[in-house]
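Asker: Take this structure first; my questions come after.
Number of protein chains: 2
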Amino acid sequence: MAEDNETPSTKIPSEMLRAHLLALLKNWSGYGYELANKLEEAGYGRYNSGTLYRTLRQMEKTGLISSMWDTSTDGPARRIYSLTNTGSLFLNNWFTLLDMHKATLNRFMKIAENVADPYDKSSSDKE
Amino acid sequence: MAEDNETPSTKIPSEMLRAHLLALLKNWSGYGYELANKLEEAGYGRYNSGTLYRTLRQMEKTGLISSMWDTSTDGPARRIYSLTNTGSLFLNNWFTLLDMHKATLNRFMKIAENVADPYDKSSSDKE
DNA sequence: GCCATTTAAGTGCAATCTGCATATAGTGTC
DNA sequence: GACACTATATGCAGATTGCACTTAAATGGC
Chain X
0 MAEDNETPST
10 KIPSEMLRAH
20 LLALLKNWSG
30 YGYELANKLE
40 EAGYGRYNSG
50 TLYRTLRQME
60 KTGLISSMWD
70 TSTDGPARRI
80 YSLTNTGSLF
90 LNNWFTLLDM
100 HKATLNRFMK
110 IAENVADPYD
120 KSSSDKE
Chain B
0 MAEDNETPST
10 KIPSEMLRAH
20 LLALLKNWSG
30 YGYELANKLE
40 EAGYGRYNSG
50 TLYRTLRQME
60 KTGLISSMWD
70 TSTDGPARRI
80 YSLTNTGSLF
90 LNNWFTLLDM
100 HKATLNRFMK
110 IAENVADPYD
120 KSSSDKE
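Residue numbers (numbering that gives the first Met the number 0), protein chains in the order written: chain X, 0 to 126; chain B, 0 to 126.
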């Protein structure tokens, strides 16, 4: 499977990418190239490999995941990542955070639902 | 209300910030300082003002919102923002995207639930 | 053997984004 | 005048990102 950049469609914001990587590593250990393939199969385009590998290293540095080399298979060595306790907690919190954000968004959208907008330009042009 | 940085608690990732600003501007027009206050009241700490103002200008440049000066009130002039059609569409899509991401996260977490992990280290537990 | 391709991870560089501190400017209060 | 509050913005250093490129091990075709 080569890097073909054919489906740039739904770009995941960085925080989302982190959450998705953590989710993939729950109950499983995986390496960068494999994770990139799974993201692609899930409908996100081929994620930029430079960003992906650097994101993984950065997540390791901040303690969300840990890694070790695997030289047992044929082909180039793989850096195997697995979830740390911190990463597991982060993943759980992420769901809570998503729900909170969604609730806040809905609340924000309703704040001014039936109130006149002092700057509204569609009601009656006073200029 | 001065900038006191007393509640840094729940930092909003940049894409989330954009979505929240769009939600606040739905059915309403507002200016930067006011939006910062509403974010603070909603429980997010005092968002960094430099980032906030620059994010708003960038969102204007990309067509999500539009602005005009308001010099009718006392005090310094306010830059009033309101949602464009593009911004409105973006906001609606954001909800869909959030749900899709959540669904994908759940799917990812279940992929390997009952499968043996070839790299599992729980036999020789370290760290 | 030689060469292209696949798998796998990584780096260099420019552009962008972010946080912190600071600047600028209008108004009101003492 | 000194000070605080409102309101927007900029300078700079450090972090993040996308794009292109590099390194390296193995495979398949000739």
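Glycine included, C-beta positions come from ideal geometry on N, C-alpha and C.
Quantities reported herein were computed from a predicted structural model and do not represent experimental measurements.
Taking beta-carbon pairs under 7 Å, can you tell me which members of the stretch 14 to 34 of chain B lie near chain X?
Answerer: The stretch 14 to 34 of chain B vs chain X, Cβ under 7 Å: Glu-14, Met-15, Ala-18, His-19, Ala-22, Leu-23, Lys-25, Asn-26, Trp-27 and Ser-28.
Asker: According to DSSP, what are the bridge partners of Ile-64 (chain B)?
Answerer: DSSP output for Ile-64 (chain B) lists B:Leu-82 as bridge partner(s).
Asker: Does DSSP put Asp-98 (chain X) in a helix, a strand or coil?
Answerer: Note: Asp-98 (chain X) maps to helix in three-state DSSP.
Asker: Short of 8 Å Cβ to Cβ, which residues in the stretch 52 to 65 of chain X face chain B?
Answerer: Under the 8 Å Cβ criterion, the stretch 52 to 65 of chain X contributes Ser-65.
Asker: For a quick check, are the C-beta atoms of Phe-107 (chain X) and His-19 (chain B) less than 8 Å apart?
Answerer: Yes, the pair counts as a contact, with Cβ atoms nearer than the cut-off.
Asker: Taking 7 Å as the limit between beta carbons, can you name the residues of its chain near Thr-70 (chain X), skipping five residues before and five after?
Answerer: These residues qualify, in order along the chain: Ala-76.
Asker: With a threshold of 8 Å between beta-carbons, can Gly-86 (chain X) be considered close to chain B, or not?
Answerer: So, not an interface residue.
Asker: Throw me the rounded Cβ distance for the Leu-55 (chain X) and Gly-86 (chain X) pair, which I believe falls under 8 Å.
Answerer: That pair is no contact at about 12 Å.
Asker: Assuming Lys-37 (chain B) and Leu-23 (chain B) form a contact by the criterion Cβ under 8 Å, report the distance between their Cβ atoms to the nearest whole angstrom.
Answerer: Contact flag correct, Cβ pair sits at about 6 Å.
Asker: From the DSSP output, in three-state form, read off Tyr-32 (chain B) for me.
Answerer: Helix at Tyr-32 (chain B).
Asker: Could you work out which residues of chain X lie near Asp-69 (chain B), taking near to mean beta carbons separated by less than 8 Å?
Answerer: Simply Tyr-118.
Asker: Determine the direct distance from the alpha carbon of Thr-72 (chain X) to that of Asp-98 (chain B), and round the result to whole angstroms.
Answerer: Asp-98 (chain B) and Thr-72 (chain X): Cα-Cα distance of roughly 38 Å.
Asker: Answer yes or no: does any C-beta atom of chain B fall closer than 8 Å to that of Thr-95 (chain X)?
Answerer: Thr-95 (chain X) does not count as touching chain B.
Asker: Can you tell me where the alpha helix (DSSP H) holding Ala-132 (chain X) begins and where it ends?
Answerer: There is simply no residue 132 (chain X) to check, as chain X begins at 0 and stops at 126 in what is shown.
Asker: In its own chain, which residues sit with a C-beta less than 7 Å from the C-beta of Leu-21 (chain X), not counting the 5 before and 5 after it?
Answerer: Excluding sequence neighbours, Leu-21 (chain X) sits near Leu-63, Leu-82, Gly-86, Phe-89 and Leu-90.
Asker: Does the beta-carbon of Lys-60 (chain X) have 16 or more other beta-carbons within 10 angstroms, so that it is buried, or is it exposed?
Answerer: Result: exposed.
Asker: What residues are listed by DSSP as bridge partners for Asp-116 (chain B)?
Answerer: Asp-116 (chain B) pairs with nothing; no bridge assigned.
Asker: Determine the DSSP secondary structure at Arg-106 (chain X), reduced to helix, strand or coil.
Answerer: Helix, per DSSP.
Asker: Kindly indicate if chain X contains any beta-carbon less than 8 Å away from that of Ala-102 (chain B).
Answerer: Closer than 8 Å: no.
Asker: Use the C-beta contact count for Trp-68 (chain B): other C-beta atoms within 10 angstroms, 16 or more gives buried, fewer gives exposed.
Answerer: Exposed is the call here.
Asker: Classify Arg-45 (chain B) as helix, strand or coil using the three-state DSSP reduction.
Answerer: Here Arg-45 (chain B) sits in coil by DSSP.
Asker: Could you give the distance in angstroms between the alpha-carbon of Arg-53 (chain X) and the alpha-carbon of Lys-101 (chain X)?
Answerer: Approximately 29 Å, taken between the alpha carbons.
Asker: Might you give, ordered along the chain, the residues of its own chain that have their beta carbon closer than 6 Å to the beta carbon of Ser-28 (chain X), omitting 5 neighbours on each side?
Answerer: Correct list, in chain order: Ile-79 and Ser-81.
Asker: Using only CA atoms, which one of X:Ser-65, X:Pro-12, X:Ser-66 and X:Gly-49 lies nearest to Tyr-43 (chain X)?
Answerer: Looking at the Cα atoms, X:Pro-12 is the closest of the given residues.
Asker: Would you verify that the beta carbon of Pro-12 (chain X) is, or is not, closer than 8 Å to some beta carbon of chain B?
Answerer: So yes, Pro-12 (chain X) belongs to the interface.
Asker: Give me the DSSP bridge partner(s) of Arg-77 (chain B).
Answerer: DSSP output for Arg-77 (chain B) lists B:Asp-69 as bridge partner(s).
Asker: When you compare only the Cα positions, how much space is there between Asn-92 (chain B) and Lys-109 (chain B)?
Answerer: When rounded, the distance between both Cα atoms is 26 Å.
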